[in-house]
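Counting from 1, position 37 in the sequence shown corresponds to residue 26 in the working numbering; the numbering is continuous, with no gaps.
Idealized CB from N, CA, C, for every residue including glycine.
Treat the numbers as computed from the prediction; the structure is a model and nothing was measured.
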Amino acid sequence: MELFFGEYTISNDRELVSLDRVFELLKNSYWAHHRSKKIIEVSLKNSICFGVYHRERMVGFARVVTDHATMYWLCDVIIDPEYRGRGLGKKLIESITEMNEFKGFFGVLATRNAHGLYEKYGFQKAPEKFMRRNANWNNLMS
-10 MELFFGEYTI SNDRELVSLD RVFELLKNSY WAHHRSKKII EVSLKNSICF GVYHRERMVG
50 FARVVTDHAT MYWLCDVIID PEYRGRGLGK KLIESITEMN EFKGFFGVLA TRNAHGLYEK
110 YGFQKAPEKF MRRNANWNNL MS
């Protein structure tokens, strides 16, 4: 998938995704700042990755984990702070949720913020329906 709008491109071409750039973006996030580059590398290999590009520079990222049959998990959605406020996050979420590959699937995500953004694309708060098991980041990939 490749979508052009203005000076920006959204693509799920794995060859365009830069591990170093994703690591740089995520190290400043509240949810992934503790992840090592190795953990991020493994997560990219096992996900469908989407990049937002301004010319050739990756300025946004998201990934989807799916069983390709019933559900997907949208995660690690991030836009470079210098590029926020330009509608890039909206276009990224819209592009992913409108893909034929995911239409009709049950979609989940976890976020502390931007609920209003995700609600525009059909996500609903469901705090009493989900449970979680926290990761022990010290033991991962050791």
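Inset, instruction - Label Met60 either buried or exposed according to how many other C-beta atoms from any shown protein chain fall within 10 Å of its C-beta, with 16 as the threshold for buried. - result: exposed
Legend entry - For Leu(-8), the residue or residues it bridges with in DSSP: Ile(-1)
Legend entry - Short Cβ contact (7 Å threshold) for Ile(-1) with Leu81: yes
Legend entry - C-alpha distance - Thr55 paired with Tyr19, whole-angstrom precision: 23 Å
Legend entry - DSSP bridge partner residues for Leu133 (one or two, in chain order): Lying before the first or after the last residue shown, residue 133 is absent from the chain, which here runs from -10 to 131.
Inset, instruction - Along the beta strand (DSSP E) that carries Phe12, what are the first and last residues, could you check? - result: Element bounds for Phe12: not the beta strand (DSSP E) but the alpha helix (DSSP H), 8 to 15.
Inset, instruction - Name the two residues that bound the continuous alpha helix (DSSP H) containing His43. - result: His43 -> not in any alpha helix (DSSP H); beta strand (DSSP E) instead, spanning 37 to 43.
Inset, instruction - Can you give me the Cβ contacts of Val11 inside the same chain, cut-off strictly under 7 Å, excluding the 5 residues immediately before and after it? - result: Ile29, Leu33, Phe50
Legend entry - Cα-Cα separation between Arg75 and Val48, rounded to whole angstroms: 11 Å
Inset, instruction - Can you give me the Cβ contacts of Glu(-9) inside the same chain, cut-off strictly under 6 Å, excluding the 5 residues immediately before and after it? - result: Ser0
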